[in-house]
Each structure stands twice: as structure tokens, then as C-alpha cells.
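Enquirer:
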Ligand code: ATR
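In our numbering, the protein residues as written are 101 to 378.
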């Protein structure tokens, strides 16, 4: 345990609710691993404007930001990273000498696990992005950033069209159009289908369409093995668990907070334990 004293640097998460956030666990673990005199707390806040003012007043060094504040927050930042501008959402604030600078690390959370599988020539793969909501936006701009050609398929066609236009997707369509893109190797589910206690028995596309050449990434992280991933695995596809996005968005966030490495492999162990083994 660190010795909290007058030099302790404070970091936090702002959200509403924040009770289920795993960010305090991950960041505090890494702070302790690296022997830093830093502390990370969770603040359940309704008014994000006041929260940003509090950051300045109290000298809070950095903050993670989650639902429902990631979009409204943009109005209260002094500077924003170009990717935040494109994605339209900010999940990380750095307090640089009283100036609040906004970053987005969610896109990195989605791209890093892909890079671990395809260690080279990722830009020669093609991807199908399922969903066009908030999470899909970060993934879409991440794919665009990495120059991976992708299509966006969504239940509501208009939303797929809009996001495709903004992010530079090669095409868009409805979920049932997947068959047209069956030769695309990477499939990423950003819809909420498969989520525990919600749509757990549903999949965004028919599982029989998944082939053994596919890589399926389901960003739903609870349950660990969603129905979509289970069926994909049965068909011989490679799979990536949703918690990886959670882990890697925090990795980049930690780098922005401290300039140091996250001890990611060790953080992964405690994250998995806390999510799935309690
Ligand atoms: P998040 O911030 O988690 O991305 P969101 O912005 O509400 O949440 O987006 C949810 C995504 O899941 C959307 O793509 C949504 O499709 P619509 O744009 O048509 O609403 C998708 N989704 C949710 N429930 C769905 C369902 N029953 N069938 C198909 N897609 C669904």
C-alpha cells in the first residue's frame, strides 16, 4: 500500500454510475507495482462541467471519463486531440499545469488486440464492423487510423451510413448484408447483443456464417465468452475477448497519465480475476 501524504498525486474516474468501473483496480494496481505515490479514485458525478472545474481547483492530474459524460465533456476542455474531435468523444483528461487536454484511448483498446494477432500487414486485412453506436465510432476511427479497409453494418441503416461517411468506411449496410462481406477476415461486434442479463442468447449475425479463416472480436466483455464468440470458436475462427479493449484503453491512458508502462500482463491477470472469477 502506498503512503498517502502531501505529495500524493491524484487521478480519478468521472462517471454516473461508476460503481462497476474497473479502472480504479487497474490503475491503482499499476501505481503500486511501479511504486508511484499516486492514487486513483472513482467519483460518481452528474455535472461534468463542475467535475472539470474541480480537477483544476484540486490539481487532479488526470481523469478517465465514462458514461454518460464522454460527449458533453468536449465543451469544457481547453484542448482536444484530433482523434477526439473525429470520434466526438473523450475518455481521458490530462491536467497539464491547469490546462485540461482531452484524449481518446478507446480506439487504441480496439486496435491493439488486432495488432497482437496480425503482427504485420494489418492494413492488408479487411474488417466488418457490426454496430454504429458510440463504441463503434471509436473502433471505426481506429480502423481508419490503421488504414484497415472496413464496412459498417447496423440494424439501423441510416446510422451505418452516417458513420461510414464520417469515418471513411468502404461501404455500409444492414446486419443481414454480412454474407456479401464474408471474405473479410476481421469481424468486430460493437452491438450490445450477447450482453449478460440482457441479450445473452443473441448474436449480431448468424453464427453459421463465421468461417475458420475469420478473426472475431466481440467488445461485449461480460460474459467473457459471449454466444457469438462461442459459436465462432466452434467454427474454427480465432477469437478476441471483449475485456481486451478495456485493458488496452487503460494501457494508453496510463501512459498518458504517467509516461510509464502499465505492467499490462500483470494488470490483465487481476482484471480477469475480478471480472470472471469472483
Ligand atoms: P454503445 O455506446 O455501447 O455503442 P449505443 O450507442 O446505444 O451503445 O449502440 C448500440 C449498438 O447496438 C447500435 O449499433 C445498435 O443498433 P441501432 O443503431 O440500430 O440501435 C445495436 N443494437 C442494440 N440492440 C440491438 C438489437 N436488438 N439488434 C441489433 N442491433 C442492436
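Ideal placement from N, C-alpha and C gives every residue a C-beta, glycine not left out. These figures come from a predicted structure and were not determined experimentally.
For ligand 1, is there a heavy atom less than 8 angstroms away from the beta-carbon of residue 293?
Expert: On the chain shown, residue 293 is found 193 positions in, with the first residue counted as 1. Checking the Cβ of residue 293 against ligand 1 gives yes.
Enquirer: Please check the pair residue 177 and residue 158, which I expect to be a contact at CB under 8 angstroms, by giving their CB distance rounded to whole angstroms.
Expert: Working through the chain shown from its first residue, we reach residue 177 at position 77. Working through the chain shown from its first residue, we reach residue 158 at position 58. So it is not a contact: roughly 17 angstroms between Cβ atoms.
Enquirer: My output table needs one value for residue 340: the three-state DSSP class, helix, strand or coil.
Expert: Taking the first residue of the chain shown as 1, we reach residue 340 at position 240. Strand at residue 340.
Enquirer: Exposed or buried, residue 414, counting other C-beta atoms within 10 Å across all chains shown (16 or more means buried)?
Expert: Nothing can be reported for residue 414: it is not among the residues displayed for the chain, which extend from 101 to 378.
Enquirer: Can you list, in chain order, the residues of its chain with a C-beta nearer than 8 angstroms to that of residue 148? Leave out the 5 residues immediately preceding and following it.
Expert: For this step, residue 148 is matched to residue 48 along the chain shown. Excluding positions up to five away in sequence, the list reads 114, 165, 169, 172, 173 and 176.
Enquirer: Do residue 259 and residue 232 come within 9 angstroms of each other at the CB atom, strictly closer than that value?
Expert: Against the chain shown, residue 232 aligns to sequence position 132. Against the chain shown, residue 259 aligns to sequence position 159. Yes, the pair counts as a contact, with Cβ atoms nearer than the cut-off.
Enquirer: Quick check: what's the CA-CA separation for residue 212 versus residue 317?
Expert: Within the chain shown, the letter at position 112 stands for residue 212. Within the chain shown, the letter at position 217 stands for residue 317. Approximately 12 angstroms between the Cα atoms of the pair.
Enquirer: Mind checking whether residue 356 and residue 219 have CB atoms under 9 angstroms apart?
Expert: The residue given as residue 356 occupies position 256 in the chain shown. The residue given as residue 219 occupies position 119 in the chain shown. No, the Cβ-Cβ distance between residue 356 and residue 219 is not below 9 angstroms.
Enquirer: Consider the C-beta atom of residue 244 and the heavy atoms of ligand 1; say whether any pair is separated by less than 8 angstroms.
Expert: The residue labelled residue 244 in the question sits at position 144 within the chain shown. Result no, Cβ not under 8 angstroms from ligand 1.
Enquirer: I'd like to confirm the pairing. Which residues does DSSP put opposite residue 109 in its beta bridges?
Expert: For the purposes of this step, residue 109 is taken as residue 9 along the chain shown, with counting starting at 1. Answer by DSSP bridge pairing, in chain order: 138.
Enquirer: Under three-state DSSP, which class holds residue 158?
Expert: For this step, residue 158 is matched to residue 58 along the chain shown. In this structure, residue 158 counts as helix in the three-state DSSP scheme.
Enquirer: Following a CB-centred definition, is residue 251 positioned closer than 8 angstroms to any heavy atom of ligand 3?
Expert: Absence of ligand 3 is noted for the structure shown, with ligand 1 being the only ligands found.
Enquirer: What beta strand (DSSP E) runs, 3 residues minimum, are completely inside the region 267-307?
Expert: The region 267-307 contains these whole beta strand (DSSP E) runs: 271-273 and 286-289.
Enquirer: Excluding the 5 residues preceding and the 5 following residue 242 in the sequence, name in chain order all residues of the same chain whose CB lies nearer than 6 angstroms to its CB.
Expert: Sequence index remark: in the chain shown, residue 242 carries index 142 (1-based). Closer than 6 angstroms at Cβ, skipping near neighbours: 207, 210 and 211.
Enquirer: Please say whether residue 227 and residue 187 have beta carbons closer to each other than 9 angstroms?
Expert: Residue mapping note: residue 187 aligns to position 87 of the chain shown, counting from 1. Residue mapping note: residue 227 aligns to position 127 of the chain shown, counting from 1. No, the pair does not count as a contact, with Cβ atoms beyond the cut-off.
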